[in-house]
Amino acid sequence: MLVVETVAKVRRLHFVQGKAIKAICRELGLSRKVVRKVLRSGATEFRYARTRQPLPKLGAWRGDLDRLLEENARRPSRERLTLVRVFEALRGLGYEGGYDAVRRHARAWERSRPAAPAPAFVPLSFAPGEAYQFDWSHEVVLIGGTTVTVKVAHLRLCHSRMLFVRAYPRETQEMVFDAHDRAFAFFRGACTRGIYDNMKTAVEAILVGRERAYNRRFLQMCSHHLVEPVACTPASGWEKGQVENQVGLVRERFFTPRLRVRSHDELNAWLLDRCIAHARAHRHPEQRERTVWEVFEAERPSLVPYAGRFDGFHSVPASVSKTCLVRFDNNRYSVAAGAVGRPVEVRAYAGRIELRQDGRVVGEHRRSFGRDQTVFDPWHYVPVLARKPGALRNGAPFKDWLLPGALERVRRKLAGAADGDRQMVGILTAVLSDGLAAVEAACAEALREGAHSADVVLNILARRREPAPQITVLTPDALRLRHEPAADCARYDRLRRSP
Numbered sequence: 205m206l207v208v209e210t211v212a213k214v215r216r217l218h219f220v221q222g223k224a225i226k227a228i229c230r231e232l233g234l235s236r237k238v239v240r241k242v243l244r245s246g247a248t249e250f251r252y253a254r255t256r257q258p259l260p261k262l263g264a265w266r267g268d269l270d271r272l273l274e275e276n277a278r279r280p281s282r283e284r285l286t287l288v289r290v291f292e293a294l295r296g297l298g299y300e301g302g303y304d305a306v307r308r309h310a311r312a313w314e315r316s317r318p319a320a321p322a323p324a325f326v327p328l329s330f331a332p333g334e335a336y337q338f339d340w341s342h343e344v345v346l347i348g349g350t351t352v353t354v355k356v357a358h359l360r361l362c363h364s365r366m367l368f369v370r371a372y373p374r375e376t377q378e379m380v381f382d383a384h385d386r387a388f389a390f391f392r393g394a395c396t397r398g399i400y401d402n403m404k405t406a407v408e409a410i411l412v413g414r415e416r417a418y419n420r421r422f423l424q425m426c427s428h429h430l431v432e433p434v435a436c437t438p439a440s441g442w443e444k445g446q447v448e449n450q451v452g453l454v455r456e457r458f459f460t461p462r463l464r465v466r467s468h469d470e471l472n473a474w475l476l477d478r479c480i481a482h483a484r485a486h487r488h489p490e491q492r493e494r495t496v497w498e499v500f501e502a503e504r505p506s507l508v509p510y511a512g513r514f515d516g517f518h519s520v521p522a523s524v525s526k527t528c529l530v531r532f533d534n535n536r537y538s539v540a541a542g543a544v545g546r547p548v549e550v551r552a553y554a555g556r557i558e559l560r561q562d563g564r565v566v567g568e569h570r571r572s573f574g575r576d577q578t579v580f581d582p583w584h585y586v587p588v589l590a591r592k593p594g595a596l597r598n599g600a601p602f603k604d605w606l607l608p609g610a611l612e613r614v615r616r617k618l619a620g621a622a623d624g625d626r627q628m629v630g631i632l633t634a635v636l637s638d639g640l641a642a643v644e645a646a647c648a649e650a651l652r653e654g655a656h657s658a659d660v661v662l663n664i665l666a667r668r669r670e671p672a673p674q675i676t677v678l679t680p681d682a683l684r685l686r687h688e689p690a691a692d693c694a695r696y697d698r699l700r701r702s703p
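Under the numbering used here, the letters of the sequence shown match residues 205 to 703, in that order.
Have a look at this one:
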């Protein structure tokens with residue numbers, strides 16, 4: 205087959221240099237038939253199409269190959285085999301030919317299939333303060349030298365394209381509440397509509413059409429912020445395409461290369477700074493003369509005013525063990541000793557755990573996201589020490605217990621006494637009635653006087669307590685004295701000298 209370069213040489217030699225066909229044939233090594241064809245046709249290229257492909261190796265296996273290709277096309281996209289894997293499957297059936305023949309046949313088979321229509325979408329436009337979009341993503345970071353997968357909450361204002369990003373250890377409902385609270389506090393307001401996918405923390409059931417059965421607590425959060433929730437059609441991510449694109453943008457610009465931080469707090473502070481810097485540096489996609497931050501500043505007056513923090517907790521009942529512990533989320537948390545024997549309500553927030561009994565708080569801890577960890581508050585066990593003072597020395601809640609300065613010095617001094625534990629328990633028990641500040645001051649005063657026993661500390665506390673208010677007694681008029689008594693010791697001297 206003649207290449208384009210050879211055709212060009214033939215045409216130039218004849219039409220430009222005026223050479224005869226015989227001379228061109230001698231110079232280029234071509235036949236007269238070929239040269240005449242080039243000059244008479246006037247074409248600049250020639251193509252040869254084979255009318256029949258013999259396929260000596262693949263011919264007998266075309267049916268099996270078509271079947272393998274058809275089965276592979278019906279699989280979900282994540283489970284489809286590569287063409288090399290299809291070739292290996294055909295070799296397993298006995299095919300002895302090469303991969304190139306399989307590849308050529310597969311390309312022709314793909315072209316012969318009816319082409320699926322390309323998806324088309326309608327561009328959306330949102331008024332200021334009309335809507336925001338919410339979604340989650342999973343990112344990998346190094347926290348304290350450990351590789352951790354964090355769940356990142358994304359919230360995006362549809363009009364200004366302003367983004368808010370915050371990382372959490374879990375993707376639970378209380379994290380959803382906290383992300384909305386922090387985002388609306390940052391935006392200084394909320395939109396009238398919130399666009400979500402059908403996440404389980406928000407939607408309990410998908411009904412006919414656009415109808416959804418929303419989670420009760422999620423509806424309370426939306427009502428608090430005056431937001432109308434709107435759920436997308438299942439498997440239709442384009443209905444919230446802005447936040448879907450934001451996920452990829454944040455992953456590329458914020459989490460690549462892999463971040464190294466000391467804690468979640470440091471990570472979230474860095475992410476917030478990056479959101480602001482990105483908004484200040486990038487142009488708005490529709491209003492090219494302004495940045496995203498400038499459009500966001502203009503949108504702020506149209507937002508629904510921030511309604512304050514929503515009490516976003518996830519509540520579950522729990523029982524209290526005899527060791528004053530409550531089990532929640534594969535961890536154990538201590539409660540006040542008086543709560544033993546009756547159930548409590550566990551309120552899980554994004555960063556803390558609150559334990560209530562009959563509406564009264566009986567325990568509060570920083571939330572732990574590990575497994576099989578026990579979080580103690582030693583003050584919960586002080587009432588138990590009154591009956592078992594020996595537990596102060598070896599009790600698990602009191603290991604590495606850091607007391608305030610004066611209390612800790614008194615504890616070290618009493619450690620050598622025979623009844624030191626009992627005396628220290630008496631001082632600690634006083635904290636429950638007098639308060640930690642008062643007991644700390646009493647210990648400091650006792651140490652200044654060169655004493656450290658419980659009797660001295662408790663005596664100082666008793667002297668410092670405010671005296672009880674005097675009772676006013678109303679005396680009836682009939683019992684009032686007409687002559688007030690006067691103190692006169694000389695009257696006794698006169699009585700003694702009288703005969």
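Even glycine gets a Cβ: it sits at the ideal position worked out from N, Cα and C.
Alpha-carbon to alpha-carbon, residue j and residue i
| i | j | result |
| --- | --- | --- |
| V230 | A312 | Residue identity differs from the one stated: residue 230 is Arg in this sequence, not Val. Looking at the two C-alpha atoms, the distance is approximately 41 angstroms. |
| L287 | L273 | 9 angstroms |
| L589 | T578 | 20 angstroms |
| P433 | M366 | 19 angstroms |
| R513 | S467 | 24 angstroms |
| K223 | L217 | 6 angstroms |
| F325 | H488 | 21 angstroms |
| R462 | A481 | 19 angstroms |
| P318 | G296 | 29 angstroms |
| F422 | D638 | 42 angstroms |
| L259 | R308 | 11 angstroms |
| K603 | R668 | 31 angstroms |
| W474 | R546 | 44 angstroms |
| Y350 | L636 | According to the sequence displayed, residue 350 carries Thr and not Tyr. If you take the alpha carbons of T350 and L636, they lie about 40 angstroms apart. |
| T633 | A435 | 55 angstroms |
| E292 | F390 | 56 angstroms |
| G452 | A502 | 26 angstroms |
| L232 | T460 | 58 angstroms |
Collapsed DSSP secondary structure at residue i in the structure displayed
| i | result |
| --- | --- |
| F514 | coil |
| G348 | coil |
| L287 | helix |
| K241 | helix |
| N449 | helix |
| V207 | coil |
| Q561 | strand |
| P521 | strand |
| E274 | helix |
| R546 | coil |
| T578 | strand |
| N472 | helix |
| G393 | strand |
| P505 | helix |
| R613 | helix |
Option in the options with minimal Cα separation from residue i
| i | options | result |
| --- | --- | --- |
| F338 | Q450, H486, R597 and R271 | Q450 |
| F219 | T396, G246 and L234 | G246 |
| S519 | K526, R546 and L559 | L559 |
| M403 | S341, A371, T353 and G630 | S341 |
| Y299 | A277, D268, P327 and R615 | D268 |
| R374 | P505, R669 and T353 | T353 |
| A622 | R597, L632 and A293 | R597 |
| E443 | S329, C395 and R478 | S329 |
| R504 | F459, S364, R416 and R457 | S364 |
| G542 | R564, Y553 and V643 | R564 |
| G348 | F291, R591 and V465 | V465 |
| D515 | Q424, Q221 and L285 | Q424 |
| E314 | A277, R284 and V344 | A277 |
Whether residue i touches residue j by CB criterion (9 angstroms)
| i | j | result |
| --- | --- | --- |
| G743 | S525 | In the structure displayed, the chain extends from 205 to 703; residue 743 sits before or after that span and is not available. |
| F517 | E378 | yes |
| A305 | L262 | yes |
| Y418 | V431 | no |
| V380 | T405 | yes |
| L665 | V643 | yes |
| R236 | I225 | yes |
| I228 | V211 | no |
| A310 | V290 | yes |
| F368 | C479 | yes |
Expected contact under 8 angstroms - CB spacing of residue i and residue j to nearest Å
| i | j | result |
| --- | --- | --- |
| A511 | H584 | At roughly 35 angstroms, the Cβ-Cβ gap does not stay under 8 angstroms, so A511 and H584 are not in contact. |
| R360 | Q446 | 5 angstroms |
| V629 | P593 | 4 angstroms |
| I399 | P438 | Not confirmed; about 14 angstroms, so no contact. |
| R615 | L607 | 6 angstroms |
| R556 | R571 | 5 angstroms |
| A371 | L471 | 5 angstroms |
| A394 | L507 | 6 angstroms |
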